[in-house]
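**Student:** Just passing along the structure, written as structure tokens.
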């Protein structure tokens, strides 16, 4: 009986070991299955870079493959009608100086002419805005200069008025001083005239006394009478 129990234990250990080994061997397959089930993101195909009409026009102009049919300038803006003889295509461009704003490519001469006339009208409108801006800016600058000139003129007139006011005050002060001096001189003159009159009167009195002979002799003195001696 002991032998049977030992064999049973041995069998259980073998079974457990077999199951563990089976699990280890099956683990990579399970991992691989999970990996295969995980969806991989698909890489979007790279879109080709589209070349614009402006780039195409510049390239054709640089290679001198275009013939200029018409060009109109309005201020800094312009419109051109160009033709490619090798492809029979027309290019209509709206630009400002050397910057192309819009380019239309067509193989129809009617469409090209219509687009060109439309661009010419737009250049007139754009140029009108630019011209109005130039005129308004010039008017603003002129007004600023006129304001500056008038401010300077106002400051000059104010300075002149202040100077004239100071001069007028100076003249008024001098006039008051002269008037006070005149009053003082008048008072002094009256005093001098009064003194002169007094002196003249005294002189006249002295002259009268000097011309009167009676007044030149001293008055006689009274002699007392001699006493009478009796017989």
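Residue numbers (the numbering used here): 1 to 231.
Backbone N, C-alpha and C fix where the C-beta goes; we use that ideal spot for every residue, glycine too.
1. Going along the chain, which residues of its own chain have a beta-carbon closer than 8 Å to the beta-carbon of residue 71, five neighbours each way excluded?
2. Considering only C-alpha positions, which residue in the set 75, 158, 84 and 101 is nearest to residue 62?
3. Which of helix, strand or coil does DSSP assign to residue 80?
4. What is the DSSP secondary structure of residue 69, reduced to helix, strand or coil?
5. Exposed or buried, which one is residue 73 when buried takes at least 16 other CB atoms within 10 Å?
6. Which of helix, strand or coil does DSSP assign to residue 211?
7. Could you round the C-beta distance between residue 90 and residue 67 to whole angstroms and report it? I think they count as a contact, below 8 Å.
8. Quick check: the Cα distance between residue 102 and residue 140, rounded to an integer number of angstroms?
9. If you run the structure through DSSP and keep just helix, strand and coil, what is residue 88?
10. With a CB to CB cut of under 6 Å and the five nearest residues on each side skipped, what residues in its chain are close to residue 127?
**Tutor:** Once the coordinates are examined:
1. 78, 79, 80 and 81
2. 84
3. Residue state, collapsed to three classes: strand.
4. strand
5. exposed
6. helix
7. The pair is not a contact, with the Cβ atoms about 10 Å apart (cut-off 8 Å).
8. 33 Å
9. coil
10. 74, 75 and 77
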